[in-house]
Amino acid sequence: MSPGRQSANRVLASGVRTVSRLVVAAGRLLPVLAAVAAPAGGAVAGPNVLGSARLIERSYADLTGWRTDRQALAFAAFRRSCDVLAETAAWQATGFPVDALAPACAAALRLPAAPDDAEARAFFEAHFVPYRVEPRGGEGFLTGYFEPEVQGSLQPTERFSTPLLALPDDLVPLDERAVPAHLAGLTAARRTPDGLVPYHDRAAIEDGALGVRARPLVYLDWVDAFFIHVQGSARVRIGPGPKDVVRVAYAGRNGHPYSSLGKLVVAETGIPPEQMTAPALVAWLRANPEAGRRLMRENRSYIFFRRADELDPAAGPLGAGMTQLVPGRSLAVDRTLWPYGLPVWLEAELPEPDSETLRPMRRLFIAQDTGAAIRGPARADIFFGSGAAAGKAAGVVRHAPSAFVVLLPKDSLPLEGGARP
1 MSPGRQSANR
11 VLASGVRTVS
21 RLVVAAGRLL
31 PVLAAVAAPA
41 GGAVAGPNVL
51 GSARLIERSY
61 ADLTGWRTDR
71 QALAFAAFRR
81 SCDVLAETAA
91 WQATGFPVDA
101 LAPACAAALR
111 LPAAPDDAEA
121 RAFFEAHFVP
131 YRVEPRGGEG
141 FLTGYFEPEV
151 QGSLQPTERF
161 STPLLALPDD
171 LVPLDERAVP
181 AHLAGLTAAR
191 RTPDGLVPYH
201 DRAAIEDGAL
211 GVRARPLVYL
221 DWVDAFFIHV
231 QGSARVRIGP
241 GPKDVVRVAY
251 AGRNGHPYSS
261 LGKLVVAETG
271 IPPEQMTAPA
281 LVAWLRANPE
291 AGRRLMRENR
301 SYIFFRRADE
311 LDPAAGPLGA
321 GMTQLVPGRS
331 LAVDRTLWPY
341 GLPVWLEAEL
351 PEPDSETLRP
361 MRRLFIAQDT
371 GAAIRGPARA
381 DIFFGSGAAA
391 GKAAGVVRHA
401 PSAFVVLLPK
411 DSLPLEGGAR
421 P
């Protein structure tokens with residue numbers, strides 16, 4: 001589980017998107033990295049620099065396991081991103097041109113919808129160049145997240161007393177590039193007759209500050225509700241039948257910074273951080289409800305939800321890249337640095353649940369999501385899937401060191417010295 005998962009899910013617009021509007025003239029150059037690496041003053045920092053990280057070109061032969069990975073699965077996820085690429089405004093926030101992946105998307109849509117691994121591998125090799133991202137201070141690191149399935153109710157009960165709330169109509173997202181001084185550090189505000197003010201924090205909302213604007217969608221157990229705030233989406237079972245499931249997705253947040261509950265518990269109890277896995281945290285909360293509720297309120301961030309009845313029940317939740325996530329192939333990245341749809345190769349040793357054994361992971365992912373705690377050029381959060389088994393696998397992946405390799409579209413870097421071809 002990743003602290004601050006809080007995916008910025010959005011409702012998919014009706015109809016099937018196509019990439020036809022994205023196709024660019026053959027040979028058009030995409031100076032992607034120059035735009036991303038430009039400091040505030042506008043000067044280009046260098047041809048292979050992204051913020052505080054260096055990008056070092058590699059060959060596919062350098063990627064351990066590249067020839068044996070099941071890249072048809074990554075290709076399927078990539079095509080999903082291509083379908084919604086034109087509608088994803090977050091592309092523009094990264095400094096990447098909106099059409100950066102257009103040539104690759106156009107080529108992907110000309111291939112069979114389900115190519116074999118060799119065809120998929122040839123596709124990625126033909127359209128992308130691998131660059132290893134080396135952040136200042138060492139390697140990148142991984143966490144994991146999942147879509148919970150929990151018991152709940154449409155009405156409050158003694159067991160299910162904590163609501164997931166719909167987005168209130170007085171919440172205003174802030175443009176992170178132009179936040180007013182009195183709202184510095186916030187990502188949303190509250191609209192009042194006298195102007196924008198900070199939105200209510202978690203404690204105030206739990207104490208009833210929203211009044212009539214509090215619109216419950218479902219009611220849950222208090223521990224489950226908090227973790228769904230962290231994950232950003234869930235399946236809520238309200239009855240025994242196969243259709244008695246309400247799917248909820250992220251709709252917005254109150255704009256206050258996120259604080260990790262696990263870190264707060266570690267600070268208060270002295271439990272070693274390496275022992276504070278997701279299952280251990282849940283067990284501690286169950287055993288210490290009074291202290292647990294108090295510490296939860298120190299996390300001022302609060303998430304609002306919506307019913308996501310339009311989602312394919314066989315697929316994952318909706319990620320911030322506006323496509324349903326693929327277990328084991330969708331990745332959350334820092335959206336201020338990397339665009340959605342970007343292929344990312346990871347090499348890491350991941351722990352097995354209920355074991356000290358580490359298993360090698362060498363796999364191609366597609367960036368399709370983000371999260372409040374996903375910050376840094378080599379920081380990533382792996383989507384493990386839905387349900388208890390996925391939660392168990394995700395919960396033990398905490399700060400796992402990883403080699404982080406981005407596959408950038410060909411001709412997307414400026415020449416040495418910053419000159420343009």
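According to UniProt numbering, the sequence shown holds residues 1 to 421 in order.
Note that CB positions come from ideal geometry on N, CA and C, so glycine has one too.
Segment limits, beta strand (DSSP E) that includes residue i
i: aspartate 369; result: 358-369
i: valine 197; result: 195-198
i: isoleucine 56; result: 53-57
i: threonine 192; result: 188-192
i: alanine 332; result: 330-332
Bridge partner(s) assigned by DSSP for residue i
i: valine 405; result: Arg132 and Trp345
i: phenylalanine 124; result: Answer is none; phenylalanine 124 lacks a bridge partner.
i: arginine 379; result: Phe141
i: arginine 307; result: Val248
i: valine 218; result: Leu164
i: alanine 400; result: Leu142
i: serine 355; result: Answer is none; serine 355 lacks a bridge partner.
i: serine 301; result: DSSP, once it has assigned bridges, lists no residue as partnering serine 301.
i: glutamine 324; result: Leu318
Spatial distance of residue i from residue j (CA atoms)
i: residue 422; j: aspartate 334; result: It is not possible to answer for residue 422, since the shown part of the chain is limited to 1 through 421.
i: proline 409; j: tyrosine 131; result: 11 Å
i: proline 112; j: alanine 106; result: 12 Å
i: aspartate 354; j: alanine 77; result: 30 Å
i: histidine 200; j: alanine 332; result: 27 Å
i: alanine 53; j: proline 289; result: 42 Å
i: methionine 189; j: proline 163; result: Per the sequence shown, residue 189 should be read as alanine rather than methionine. One C-alpha to the other measures close to 22 Å.
i: arginine 237; j: arginine 136; result: 45 Å
i: leucine 142; j: arginine 79; result: 24 Å
i: alanine 178; j: proline 198; result: 15 Å
i: leucine 109; j: phenylalanine 75; result: 11 Å
i: residue 429; j: glutamate 147; result: Because the chain spans 1 through 421 in this model, residue 429 falls outside it and cannot be assessed.
i: leucine 281; j: glycine 262; result: 7 Å
i: valine 397; j: arginine 307; result: 29 Å
i: isoleucine 228; j: alanine 234; result: 6 Å
i: aspartate 369; j: glycine 252; result: 15 Å
i: glutamate 158; j: glycine 387; result: 24 Å
i: valine 266; j: aspartate 62; result: 40 Å
i: valine 246; j: aspartate 309; result: 7 Å
i: glutamate 57; j: proline 339; result: 19 Å
Unbroken alpha helix (DSSP H) run spanning residue i, endpoints
i: aspartate 224; result: 222-231
i: arginine 80; result: 71-84
i: glycine 252; result: No alpha helix (DSSP H) holds glycine 252; the beta strand (DSSP E) holding it covers 245-253.
i: glycine 239; result: Taken as a continuous stretch (DSSP letters only), glycine 239 belongs to no alpha helix (DSSP H), as it is neither H nor E.
i: alanine 270; result: According to the sequence shown, residue 270 is glycine rather than alanine. Careful: glycine 270 lies outside any alpha helix (DSSP H) and carries neither H nor E.
i: glycine 292; result: 289-296
Integer Cβ distance of residue i from residue j, believed to fall under 8 Å
i: phenylalanine 160; j: aspartate 221; result: 6 Å
i: leucine 358; j: leucine 346; result: Actually they do not touch by this definition, with Cβ atoms about 14 Å apart.
i: alanine 120; j: leucine 165; result: That pair is no contact at about 42 Å.
i: arginine 362; j: aspartate 117; result: Not confirmed; about 14 Å, so no contact.
i: serine 81; j: glycine 321; result: 6 Å
i: arginine 297; j: alanine 373; result: Going by Cβ atoms, the distance from arginine 297 to alanine 373 rounds to 19 Å, so no, they are not a contact pair.
i: glycine 140; j: serine 402; result: 5 Å
i: phenylalanine 124; j: proline 317; result: Not really, about 25 Å apart at Cβ, beyond 8 Å.
i: arginine 286; j: valine 223; result: 7 Å
i: leucine 325; j: glycine 319; result: 5 Å
i: glycine 395; j: proline 273; result: Not quite, the Cβ-Cβ distance comes to about 14 Å (not below 8 Å), so this is no contact.
i: aspartate 83; j: threonine 323; result: 7 Å
Reduced DSSP secondary structure (H/G/I, E/B, other) of residue i
i: glutamate 176; result: coil
i: alanine 372; result: coil
i: residue 430; result: The question about residue 430 has no answer, for the chain in this structure spans 1 to 421.
i: alanine 315; result: coil
i: leucine 183; result: helix
i: proline 163; result: strand
i: glutamate 149; result: strand
i: leucine 350; result: strand
i: alanine 234; result: strand
i: glycine 385; result: strand
i: leucine 171; result: strand
i: arginine 335; result: coil
i: aspartate 207; result: coil
i: proline 103; result: helix
i: tyrosine 60; result: helix
i: arginine 286; result: helix
i: lysine 392; result: helix
i: glutamate 119; result: helix
i: glycine 65; result: coil
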